[in-house]
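Chains as they are written, first to last, in the working numbering: chain V, 2 to 170; chain D, 2 to 170.
Quick reminder that beta carbons are idealized off the backbone N, C-alpha and C, glycines included.
Nothing here was measured: the structure is a model prediction, and the numbers come from that model.
Notes follow once the structure below has been shown.
Protein chains: 2
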Amino acid sequence: MTTPQPQVDIHKQLANFSNYLKKKGLKITSQRLLVAEKVFSMESHFTVDALAEALKDRRGEISRATIYRIVSVMVEAGQLTEHNFGQNAKYYEHIPGQDHHDHILCLDCGRIDEFVNDAIEEMQLKIAGEHGYDLADHSLNLYGKCVELRTTGSCARGNPDDSGESASN
Amino acid sequence: MTTPQPQVDIHKQLANFSNYLKKKGLKITSQRLLVAEKVFSMESHFTVDALAEALKDRRGEISRATIYRIVSVMVEAGQLTEHNFGQNAKYYEHIPGQDHHDHILCLDCGRIDEFVNDAIEEMQLKIAGEHGYDLADHSLNLYGKCVELRTTGSCARGNPDDSGESASN
DNA sequence: ATGGCTGCAAACACTTTGCATCTGG
DNA sequence: CCAGATGCAAAGTGTTTGCAGCCAT
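Here it is, written out as structure tokens:
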């Protein structure tokens, strides 16, 4: 069930990032390496806040401002994507050089799963074309109740009783 | 090109809203009616900010706090939907009692078009099921370059020259 | 009359920015 | 050595909330 991908070669990713920095004439600082390393080791989707927390202790901590700046560099570098799941904060996800995918989220526990569907991808291209658009990107998020909630009757955050209408948000 | 829907009976919509308020034991205040009326007359997608601006002059203006509160009531009432288009502010759209639809947005001028695709809707249900989810909602947004930009070489906000990588955001 | 509503301003959460200092190349 | 990076704190957005006074019911 859990993505069993073996740490898609963090070293290679770090090397790519360093190359990008070099190519752009940006400096390879300890903060950038630490942030990048942590980013590449994050299991899945995370917020800047979570990233900042995860970066604590190592050698003190890195300033939020700096983390925001580094994250934005990584997005430009194409090694990180940004998601808007309808919550306050943006979510990020490192790109293991692999395929694009969409997301399905649990409205109760916030669990996030991924999926790919070629038919939908094709449809989107077709639709964009029909409307005269040159498709550049898209975001598809499904929201529902996760398998755990359905089978055990409750998941991390909510349970059937008080889940009255958490879906409203 | 522009949605030619003839003001889907604002009076009926207002009546529905009033009924909802009554049913819920909420008060029918002048602010609520003014906001609702304006909401129903808004052409398409708007932010709370735009709504507040549009509400000015009539009889002074309505406090943002109040507008936020009324908008949230209307969402609960099911007469307004909330969208996250990846920008800072949330976008709203009144529901004319009609069909659900998805969006396609221009990365340059911010233009927003709508579309419905049953095949994709079905696919989503299937995908959710395959992942053990009970699908409650979804959001599908396509981003690209609009027809105007493609045909005339420029649209409201940007033009091919400086549009270098506005897609990065 | 009275409890919900409004308006104001302060509080909030997330993100960005100005500036002095520090550091990689 | 010096442009670019960092950290801090202050400033910005967009949105929410506490509270006193107001108005539908």
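So is residue i buried or exposed if we call it buried at 16+ other beta carbons inside 10 Å?
i       : result
R60(V)  : exposed
H101(V) : exposed
S31(D)  : exposed
N89(D)  : exposed
G175(D) : Given that chain D is displayed from residue 2 to residue 170, the structure contains no residue 175(D) and the question cannot be resolved.
V117(D) : exposed
N170(D) : With a pLDDT of 31 at N170(D), under the threshold of 50, the modelled position of this residue cannot be trusted; read the value that follows with caution. The residue is exposed, with fewer than 16 neighbouring Cβ atoms inside 10 Å.
S64(V)  : exposed
D10(V)  : exposed
A157(D) : exposed
D109(D) : buried
L150(V) : buried
H12(D)  : exposed
Please go through the same chain and pick out, in chain order, the residues whose beta-carbon is closer than 8 angstroms to the beta-carbon of residue i, but skip the five residues on each side of it.
i       : result
L52(D)  : V36, K39, V40, M43, I68, V72, Y93
I105(D) : I113, D114, E115, F116, N142, L143, Y144, G145
I29(D)  : S19, L22, K23
Tell me the DSSP bridge mates of residue i?
i       : result
F47(V)  : Y93(V)
G145(V) : C107(V), L136(D)
E83(D)  : Y93(D)
F116(V) : D103(V)
G130(V) : DSSP lists no partner for G130(V).
D10(D)  : Beta-bridge pairing links D10(D) to no other residue.
So which residues of chain V does residue i contact, with C-beta pairs closer than 7 angstroms?
i      : result
G61(D) : In chain order: nothing, as chain V lies at least about 31 angstroms away.
So residue i contacts chain V; which residues on that side make the cut at Cβ distance below 8 angstroms?
i       : result
A120(D) : A120, M124
I113(D) : Neighbours of I113(D) on chain V: none; closest Cβ ~11 angstroms, over 8 angstroms.
I171(D) : Nothing about residue 171(D) can be read from this structure; chain D reaches only from 2 to 170.
Quick one: residues in its chain with C-beta nearer than 6 angstroms to the C-beta of residue i, no 5 flanking neighbours on either side, listed in chain order?
i       : result
Q14(V)  : F41
M75(D)  : L81
H84(V)  : Y92
L136(V) : L126, A129
H46(V)  : Y92, E94, I113
Using a Cβ cut-off of 7 angstroms, pull out every chain D residue sitting near residue i, in sequence order please.
i       : result
L108(V) : A137
F116(V) : I128, H132
How would you list, in chain order, the residues of chain D whose beta-carbon sits under 8 angstroms from the beta-carbon of residue i?
i      : result
G87(V) : E83, N85, S140
R68(V) : Checking the displayed sequence, the identity of residue 68(V) turns out to be Ile instead of Arg. Here the premise fails: no neighbours, minimum Cβ distance about 18 angstroms.
Going along the chain, which residues of its own chain have a beta-carbon closer than 7 angstroms to the beta-carbon of residue i, five neighbours each way excluded?
i      : result
E54(D) : none
| field | Interface residues of the stretch 129-160 of chain D facing chain V [CB-CB below 7 angstroms] | value | A129, H132, G133, Y134, D135, L136, A137, D138, H139, S140, L141, N142, L143, Y144, G145, K146, C147, V148, R151
| task | Check each residue of the stretch 4-34 of chain D: if its Cβ is closer than 9 angstroms to any Cβ of chain V, include it; give the result in chain order. | result | none
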